[in-house]
Amino acid sequence: MNKNNRFLFINKKYLATFVLTALFGGNVAAQNVTGDTIHHFNPMETLTHTRSIIPNEPHKPKNPVVKFSNPEDALYVELESFTHATTNNLHTVFCPLVVVKPFVRIHDKLTIGATTTQMIQNYFGPQMTSITHDMYATVALRTSVGTFDVKYGKFSALNYSPKFSKVMPISHYFINAKTLNTGHYFPRAIIATYTGQEISVSGGYAEYTPGMAFHGDGYVVFVMQQNLGENLQVGGMLITNQKDVIGNLQLTCDLCYNMSVLLQVVNLGERPAFFGTYQYKLKDNVASIAINGFVQSQDGVMGGTIGIYHKSGAYFSAGAVKHEPMYENADGTPNEKFDKFTPSIELGINRAVFPKRSK
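Written out as structure tokens, the structure reads:
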């Protein structure tokens, strides 16, 4: 073997060794000329791929351009029922709640939808009758500075903290939402809202006459809600026309990790009323103790209760109420309990059954 052939043979052997080391030996360290730094070469990286090439990497699907609501988004069903007992009377109320809210979302920014909240109940009279709490269409646009939305139909313009309804007897929920009208549901309104990180501002027009068309004899509506830190929220609503000015005020506060308060002063300028709730959460939020109290001017409904509310939705409360709507006869005339404070106890359940919530 001549000198040149030996040189070629040795080069081929070193070349094979280098290739095998590069392919199977992981990162190969090559010291630079100065010896101060070490450059690591990864054979799975190339000049055109700046990150490692992972064989069979799973494909990550992109959000669809158009998204339609699924059943968990578009349907909510709540079981509500209670038995109300006085000294010589026992009354059972069944009042399931169903919310239907389908929507279409485009580019995860523009949402077009509709919402209706329906209840069948025998609280207002012995017969089962339906109540439509709200029914409206909405268009919402999410932007980098906040969310803008417009609602048209029947709805409440002020968020009256429905989470506190879970620590009210269901009979008190009816008094709060329907008798005192703290939610102030407009039969027909068109209201635009801006919602930012800490504030929500709304403005629009509302009427109280039935039907879908506007007649020009309604009210201008202004609403503002503000978060003051993490634990305090205040809200207010002003409803005005040439003759009347009506105001609602609301405050919710988390006093500490296990105590919270709801205060509402509503229908100022019309028939003022007050409703308050104090909630104390027991260890691990298994249950809460809550006190509810309310009074309406012009010799209206008034009373209060104290109760225990389990996270399963079951509750027990005891108290006394004057002018309780349940104590009216079928023809609307009051019975003997209506005009006096009547002690009572109430045992019921208020639980979401669809979609099922994770524990």
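This note's numbering applies: residue 8 is where the sequence shown begins, and numbers increase by one.
Heads up, the beta-carbon is just placed ideally off N, CA and C, and yes, glycines get one too.
query	result
Could you name the residues of the same chain whose beta carbon sits closer than 6 Å to that of Met-142, not counting the 5 residues immediately before and after it, in chain order?	Thr-123, Gly-160, Lys-161
Quick one: complete beta strand (DSSP E) runs, 3+ long, within the segment 59-123?	73-75, 82-93, 96-101, 104-107, 110-113
From what residue to what residue does the beta strand (DSSP E) around Ser-137 run?	136-150
Determine, using beta-carbon pairs with one atom in the segment 117-136 and one in the segment 144-152, whether at least three such pairs fall under 8 Å.	yes
Which residue comes first and which comes last in the alpha helix (DSSP H) that contains Tyr-180?	177-181
Tell me, which residues are paired with Gly-311 by DSSP?	Gly-300, Ala-327
Quick check: the Cα distance between Gln-125 and Leu-165, rounded to an integer number of angstroms?	19 Å
Which class does Tyr-285 belong to by DSSP, given the choice of helix, strand or coil?	strand
Under the assumption that Arg-212 contacts Ile-197 (Cβ atoms under 8 Å), give the Cβ distance between them as a whole number of angstroms.	The sequence given here places Tyr at residue 212; Arg does not occur at that position. Yes, they are in contact, since the Cβ atoms of Tyr-212 and Ile-197 sit about 6 Å apart, within 8 Å.
Going by DSSP, which residues form a beta bridge with His-317?	Ala-294
From His-47 to Ser-151, what does the alpha carbon distance come to, in whole angstroms?	Unreliable positioning characterises His-47 in this predicted model, as indicated by a pLDDT of 41, which lies under 50. The coordinate reading is nonetheless provided below. Cα-Cα distance, rounded: 42 Å.
Per DSSP, what kind of secondary structure is Lys-173 in: helix, strand or coil?	helix
To which residues of the same chain is Lys-290 closer than 8 Å at the C-beta, ignoring the five residues directly before and after it?	none
Using DSSP with H/G/I as helix, E/B as strand and the rest coil, what is Val-40?	With a pLDDT of 43 at Val-40, under the threshold of 50, the modelled position of that residue is not reliable, and no figure is offered here.
Is it right to say Gly-225 is buried, meaning 16 or more other beta carbons lie within 10 angstroms of its own, or is it exposed?	buried
Is the beta carbon of Gly-311 sitting closer than 7 Å to the one on Tyr-322?	no
Taking only the alpha-carbon atoms, compute the straight-line gap between Val-227 and Pro-71 and give it to the nearest angstrom.	39 Å
Whose CA, out of Asn-238, Ile-182, Tyr-285, lies closest to the CA of Val-302?	Ile-182
Below 7 Å CB to CB, which residues in the same chain sit around Leu-86 once its five sequence neighbours on both sides are set aside?	Pro-103, Ile-356, Arg-358, Val-360
Of the choices Glu-343, Met-333, Ser-324, whose alpha-carbon is the least far from that of Ile-352?	Ser-324
Compute the Euclidean distance between the alpha carbons of Phe-281 and Val-73, then round it to the nearest angstrom.	45 Å
Closer than 7 Å by C-beta to Asn-238: which residues in its own chain qualify, once you throw out the five before and the five after it? Chain order, please.	Cys-260, Asp-261
Could you compute how far the alpha carbon of Ala-199 sits from the alpha carbon of Phe-229?	10 Å
Rounded to whole angstroms, what's the CA-CA distance from Pro-78 to Ile-253? Just pull it up for me.	39 Å
Looking at the unbroken beta strand (DSSP E) that takes in Ser-209, where does it start and where does it end?	206-214
Can you say whether Glu-343 is buried or exposed, counting buried as having 16 or more other CB atoms within 10 angstroms of its CB?	exposed
Quick one, which of Thr-94, Phe-101, Val-107, Asn-96 has its alpha-carbon nearest Val-84's?	Val-107
Can you tell me which residues form a DSSP beta bridge with Glu-335?	Pro-341
How long is the line joining the alpha carbons of Met-266 and Tyr-287, rounded to whole angstroms?	5 Å
What is the DSSP secondary structure of Lys-250, reduced to helix, strand or coil?	coil
Mark Thr-44 as exposed unless 16 or more other C-beta atoms lie within 10 angstroms of its C-beta, in which case mark it buried.	The predicted model places Thr-44 with a pLDDT of 41, which falls under 50 and marks its position as unreliable, so this point remains unresolved.
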